[in-house]
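Peer 1: I have a structure I would like to understand better, so I am pasting it below and will then ask my questions one at a time.
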Amino acid sequence: MLTRREFFGAGLGAFAAFAAQNSARAGDAVPASGGARKETSAGEFDVCVLGGSCTGVFAAVRAAERGMKVALVENNGFFGGTATAGFVPVWHSLYDTKGEKKIIGGLTEEIENRLLARREAVLEKRTDPSVGAYLNVSALTLALDDLVSKHGSIRPFLHARVTDARLSSAGRATHAVIEDKSGRRLIAAKFFIDATGDADFIRRAGLGTWRLERADLQAHTTCALISGVDAARRAYGRFDLSRILCGKGGAGLEHGFGWTAKVVGCPSLDFIAATRVKNCDPSDADDLTRGEIEARRQIAAIVDAANRMYPPKKGGPGISIAAIAPCMGLRESRHIDALYRVTADDVLRGRRFDDTIARGSYRVDIHEGTGITFRYLDGTETRMTARPDGSMKHARGRWLPKGEKTATWYEIPYRALVPKGSQNIIAAGRMIDCERDAYGALRVMVNCNQMGEAAGLAAVRAVKERLPAADACVPLASI
Ligand SMILES: Cc1cc2nc3c(=O)[nH]c(=O)nc-3n(C[C@H](O)[C@H](O)[C@H](O)COP(=O)(O)OP(=O)(O)OC[C@H]3O[C@@H](n4cnc5c(N)ncnc54)[C@H](O)[C@@H]3O)c2cc1C
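Residues in the sequence shown are numbered from 1261 upward in steps of one, following the working numbering.
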């Protein structure tokens, strides 16, 4: 055994020899096959859900409640996806844009109420569709663990990545291939729900996917928790994020849009979403790696700039990073080629469908390279861009002439989650088939959560009634 002094004194060469010696002692030398692993069975299930954000968890719960044996596979060591791995804390309003009609309920409302009751969430203007409930995302992690554990027929697989699909015929999957600590394993199921965000399983199953050109994809953002913002506000009377990002002497970024929010239950910490990685396709491994590192570089530059622009007074600690989200928050990657592509008009004009499985009122919100566009159901729009001095220019206008009929909520059809040619595989979440502008609204979590629940219900129907995916819709009751 090396002492700490010997270890550092001897350098990495000694460490390598030490590691090799220990590895040989443990008897785990690489086999002569060169490491090729044998597949083993991880069990047989009715429904297999790939991806464990709220979308995937809610799908699993809806299926389990109805007697299905469910496998739930998640790449991280915890559930929650972008909310918990990306620190994104806002669930938007459950009401229509006028705040008169509740349009979203189900597990979203159940979990939100649970967090509110425990003071782990705070409601900001319940009825404003641009905001909603701020969640403590660590509390959400625990709530999801609890939800999964309560359903004995859900078998969770954490730190497990789906890497392939096995098919019996075109569009009919028999197994998901996962890689985890135990090796390469096969999960057999009758029905599969891809909730990986990136359509990893659907693509492996040979079904169609598409994505925008890199330059047109929404930018991605790594979020962080920082301390010291209140002290800066007290000392300077302001904390102007856009000037910190791209103003003179700032972080030198091209964009000026970012937002902060108090961490629920931890008022000395602020959540910050202000990095932006463009031209990055998260379904490309090299882009993803580059993006993760670039986003963290931006966090460092932002914090350094904040401390330059608002230097701590009286020897205070200044602005510090308390935590960086483990994963870059991905706004967009692959979409599936589904039986229907939701159009911008469907969303902005609130088209009604026979196979509606979700409703939403969140605005169209597109994070382009250096700016951001908001398009609202009431016919108005705002485009925000940064001026060279770091101040933000707001260009306001209308996408719809005054006097034309507007909607107060939109609907999401089941067909947009069913890949063309699929027999027993559907999607749930941000891989939905939709036009770019429609996506700006549909991608938010209250919408993805509902897609998850609907996918779970469809899976049950498909298994019990032996229906192909396309015919298994369980539409929402009309309101
Ligand atoms: C910075 C940022 C801010 C945002 N702000 C908001 C906001 O305020 N409110 C809001 O509602 N929405 C917001 N969004 C959008 C929203 O968070 C996402 O669109 C939504 O969470 C997507 O959900 P999803 O379930 O489809 O995908 P994800 O949340 O990406 O979940 C996919 C899950 O699948 C897992 N997975 C992926 N690949 C595999 C694999 N091969 N095998 C196993 N598991 C896998 C992932 O680990 C993850 O848990 C924001 C997004 C970003 C990036």
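Even glycine gets a Cβ: it sits at the ideal position worked out from N, Cα and C.
Is any heavy atom of ligand 1 found at a distance shorter than 8 angstroms from the C-beta of VAL1437?
Peer 2: Checking the Cβ of VAL1437 against ligand 1 gives no.
Peer 1: Along the chain, which unbroken stretches of the beta strand (DSSP E) at least 3 residues long are found entirely within the segment 1367-1425?
Peer 2: 1381-1383, 1392-1395, 1414-1417, all fully within the segment 1367-1425.
Peer 1: To which residues of the same chain is LYS1573 closer than 7 angstroms at the C-beta, ignoring the five residues directly before and after it?
Peer 2: For LYS1573, where only same-chain residues beyond five positions count, the Cβ hits under 7 angstroms are ALA1495.
Peer 1: Check VAL1723 in the structure and name its three-state DSSP category.
Peer 2: Note: VAL1723 maps to helix in three-state DSSP.
Peer 1: Where does MET1644 fall in DSSP's three states?
Peer 2: In this structure, MET1644 counts as strand in the three-state DSSP scheme.
Peer 1: Which residue's Cα is closest to the Cα of THR1300: ILE1453, HIS1411, LEU1446?
Peer 2: When each option's Cα is compared against that of THR1300, the closest is LEU1446.
Peer 1: Beta-carbon within less than 7 angstroms of GLN1281's beta-carbon, same chain only, minus the 5 sequence neighbours each way: which residues are those?
Peer 2: With a pLDDT of only 41 at GLN1281, under 50, the local geometry of the prediction cannot be trusted, and no value is derived from it.
Peer 1: Cβ of ASN1539 within 8 angstroms of any heavy atom in ligand 1?
Peer 2: No, the beta carbon of ASN1539 sits no closer than 8 angstroms to any heavy atom of ligand 1.
Peer 1: Of all the alpha helix (DSSP H) runs that stay within the bounds of the segment 1600-1670, which reach a length of 4 or more residues?
Peer 2: Entirely contained in the segment 1600-1670, the alpha helix (DSSP H) runs reaching 4 residues are, in chain order, 1604-1608.
Peer 1: Just checking ASN1396 against ligand 1 - is the residue's beta carbon closer than 8 angstroms to any of the ligand's heavy atoms?
Peer 2: Checking the Cβ of ASN1396 against ligand 1 gives no.
Peer 1: Measuring CA to CA, which of GLY1650, LYS1508, GLY1312, ARG1609 is closest to GLY1639?
Peer 2: GLY1639 has its Cα closest to that of ARG1609, out of GLY1650, LYS1508, GLY1312, ARG1609.
Peer 1: Can you give the Cα-Cα distance for ALA1730 and GLU1695, rounded to whole angstroms?
Peer 2: Looking at the two C-alpha atoms, the distance is approximately 21 angstroms.
Peer 1: Measure the C-alpha to C-alpha separation of CYS1526 and ARG1726 and round it to an integer number of angstroms.
Peer 2: Approximately 49 angstroms between the Cα atoms of the pair.
Peer 1: Put PHE1452 into one of helix, strand or coil per three-state DSSP.
Peer 2: Note: PHE1452 maps to strand in three-state DSSP.
Peer 1: For ligand 1, any of its heavy atoms closer than 8 angstroms to the Cβ of GLU1334?
Peer 2: Yes, since a heavy atom of ligand 1 falls inside the 8 angstroms radius drawn around the Cβ of GLU1334.
Peer 1: Kindly identify the DSSP beta-bridge partner or partners of ILE1596.
Peer 2: In the DSSP output, where bridge partners are listed per residue, ILE1596 has THR1469.
Peer 1: Spatial neighbours of PRO1349 within its chain, please: C-beta separation below 8 angstroms, excluding the five flanking residues on both sides.
Peer 2: Hits under 8 angstroms: ALA1343, TYR1394, LEU1395, ASN1396, VAL1397, ALA1521, VAL1523, VAL1524, PHE1531.
Peer 1: Taking the alpha-carbon positions, what's the LYS1508 to PRO1673 distance?
Peer 2: Their backbone Cα atoms lie some 47 angstroms apart in a straight line.
Peer 1: Using CA atoms only, rank isn't needed, just tell me which of ALA1561, ARG1703, ARG1623, ARG1464 is closest to ALA1425.
Peer 2: The shortest Cα separation from ALA1425 among ALA1561, ARG1703, ARG1623, ARG1464 belongs to ARG1464.
Peer 1: Report buried or exposed for HIS1654, applying the criterion of at least 16 other Cβ atoms within 10 angstroms of its Cβ.
Peer 2: Exposed, because fewer than 16 other Cβ atoms sit within 10 Å of the Cβ of HIS1654.
Peer 1: Which one of ALA1722, ARG1556, ALA1484 has the shortest CA to CA distance from ALA1583?
Peer 2: It is ALA1484 whose Cα lies nearest to the Cα of ALA1583.
Peer 1: Taking DSSP as the reference, what is the three-state secondary structure of ILE1692?
Peer 2: ILE1692: coil per DSSP, three-state reduction.
Peer 1: Have a look at GLY1311, GLY1359, ALA1345 and flag the residue whose alpha-carbon is nearest the alpha-carbon of CYS1587.
Peer 2: For the residues GLY1311, GLY1359, ALA1345, the minimum Cα distance to CYS1587 belongs to ALA1345.
Peer 1: By Cβ distance, which residues of its chain are closer than 7 angstroms to TRP1519, with the 5 residues on each side in sequence left out?
Peer 2: Cβ within range, chain order: ALA1533.
Peer 1: So the beta strand (DSSP E) LEU1310 belongs to, where does it begin and stop?
Peer 2: From DSSP, the beta strand (DSSP E) with LEU1310 extends over 1300-1310.
Peer 1: Please report the straight-line C-alpha distance between ARG1656 and ALA1377, rounded to a whole angstrom.
Peer 2: If you take the alpha carbons of ARG1656 and ALA1377, they lie about 38 angstroms apart.
Peer 1: With hydrogens ignored, establish whether the beta-carbon of CYS1694 is closer than 8 angstroms to any heavy atom of ligand 1.
Peer 2: It does not: the Cβ of CYS1694 is nowhere closer than 8 angstroms to a heavy atom of ligand 1.
Peer 1: Report the partner residues of HIS1480 according to the DSSP bridge assignment.
Peer 2: Answer is VAL1537.
Peer 1: Put ASP1530 into one of helix, strand or coil per three-state DSSP.
Peer 2: Strand at ASP1530.
Peer 1: If I measure Cβ to Cβ from GLY1337 and keep anything under 8 angstroms in the same chain, skipping five residues before and after, which residues do I get?
Peer 2: LEU1418, HIS1419, listed in sequence order.
Peer 1: Using a threshold of 8 angstroms, is the CB atom of SER1353 nearer than that to any non-hydrogen atom of ligand 1?
Peer 2: False, no ligand heavy atom lies under 8 angstroms from that Cβ.
Peer 1: Indicate whether the contact test is met: 3 or more Cβ pairs, each with one atom in the segment 1624-1632 and one in the segment 1672-1689, closer than 8 angstroms.
Peer 2: The segment 1624-1632, when compared against the segment 1672-1689, does not touch it at the 8 angstroms Cβ threshold.
Peer 1: Am I right that SER1621 and ILE1453 are in contact with their C-beta atoms under 8 angstroms? What's the rounded C-beta distance?
Peer 2: SER1621 to ILE1453, Cβ: 25 angstroms. No contact.
Peer 1: Select from PHE1517, LEU1400, GLU1384, ALA1449 the residue whose C-alpha is nearest the C-alpha of PRO1648.
Peer 2: PRO1648 has its Cα closest to that of PHE1517, out of PHE1517, LEU1400, GLU1384, ALA1449.
Peer 1: Shorter than 8 angstroms, the distance from the beta carbon of LEU1472 to the closest heavy atom of ligand 1, or not?
Peer 2: Outside the cutoff, so no.
Peer 1: Residue range of the alpha helix (DSSP H) that VAL1742 falls in?
Peer 2: A question about residue 1742 goes unanswered here, because the residues of the chain that appear run from 1261 up to 1739.
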